[in-house]
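Enquirer:
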Amino acid sequence: ILVRADSGFAAPELYDLCEEKEHQYVIRLKRNARLHKFAEQFVQVGDETEWSQKEEHFYSIRYQAGTWKHDRRVCIRSVREANELIFHHEFIITNLSDVVSTEQVYQTYWKRGTMENFIKEAKNGLFFDKTDSSHFLENAVRMMVSVLSYNINNFIRTLAFPEKAKGLQIQSIRLRFFKIAGKLIHSGRRMMLKLSTHHVYQDEFFHILRQIQSLSW
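Heads up, the final residue of the sequence shown is numbered 218 in our numbering, and it's a clean run with no missing numbers.
1) Quick one: is residue 68 buried, meaning 16 or more other Cβ sit within 10 Å of its Cβ, or exposed?
2) In terms of DSSP beta bridges, what is residue 145 paired with?
3) Taking contact to mean at least 3 C-beta pairs separated by less than 8 Å, is the stretch 110–124 in contact with the stretch 54–65?
4) Return the Cβ separation of residue 28 and residue 39 in integer angstroms, given the expectation that the two are a contact with Cβ distance under 8 Å.
5) Distance check for residue 166 and residue 74, CA to CA, integer angstroms please.
6) Between which two residues does the beta strand (DSSP E) holding residue 10 run?
7) Consult DSSP for residue 208 and reduce its assignment to one of helix, strand or coil.
8) Determine the direct distance from the alpha carbon of residue 200 to that of residue 179, and round the result to whole angstroms.
9) What are the start and end residues of the alpha helix (DSSP H) that includes residue 177?
10) Based on DSSP bridge pairs, tell me the residues matched to residue 80.
11) Three Cβ pairs or more, each shorter than 8 Å: is that satisfied between the stretch 93–106 and the stretch 17–36?
12) So the alpha helix (DSSP H) residue 200 belongs to, where does it begin and stop?
13) Work out the CA separation of residue 159 and residue 208 for me, nearest whole Å.
14) Leaving out the 5 sequence neighbours to the left and right, which residues in its chain are closer than 7 Å to residue 163 when beta-carbon positions are compared?
15) Taking 7 Å as the limit between beta carbons, can you name the residues of its chain near residue 197, skipping five residues before and five after?
16) Which value, in whole angstroms, describes the spacing of the CA atoms of residue 35 and residue 139?
17) Leaving out five residues on either side along the sequence, give the residues of the same chain with a beta carbon under 8 Å from the beta carbon of residue 71.
18) Along the chain, where does the beta strand (DSSP E) containing residue 25 start, and where does it finish?
19) Would you kindly check if the distance between the Cβ of residue 32 and the Cβ of residue 113 is under 9 Å?
20) Quick check on DSSP: helix, strand or coil for residue 37?
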């Protein structure tokens, strides 16, 4: 298990628990004077510095806060924006091996934002956060229905959507492929739904429909 978290979860109790369970963690640290001093020691400015260009550097140190039982690896990212004089520092605590470079540690942490986007899509598109019942079980069932719907959506999107449409979010999928003008026709015992021939995304719609019909189970 890999635990990724922002600075709101940066607590020694969490580090200890992950280490006890032999789980890896990548957690952002809040800045403090000691960490800032460590980071500033790495800053090098000379006559050859190109102030008009952005600078970004990565470092790794061993650091022990007063509330920690032992020292731990802290990764530092120092960034100076173009035409700025001051470096801004970010800090991540991790128990990943030193074989994993500091850049790779940060890339691992940044993927946390990608997961948050997935959660946001589930909340906005499928009401994943609709937990207004006073009963825990009802809220849990609602969440599971949202999760199931989200997974079905991803399943179809992966297997049936054209490449350029696979990145569409749920709201866009509804707008393009479900909110289509049509007319319900009765003919004897048959009912037929006729869709508008002026639908802007009809080529993509019928491509997806054919792909779904061709799926084998």
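Built from N, CA and C at the ideal position, the CB exists for glycine as well. Predicted model only: the values in this text are computed from it and were never measured.
Expert: Short version:
1) exposed
2) Paired residue(s): none; residue 145 is not in a bridge.
3) no
4) Not a contact, Cβ separation roughly 17 Å.
5) 41 Å
6) Per DSSP, residue 10 belongs to no beta strand (DSSP E) and is neither H nor E.
7) helix
8) 11 Å
9) 171–178
10) 57 and 89
11) yes
12) Per DSSP, residue 200 belongs to no alpha helix (DSSP H) and is neither H nor E.
13) 13 Å
14) 205 and 208
15) 181, 182 and 183
16) 48 Å
17) 65
18) 25–30
19) no
20) helix
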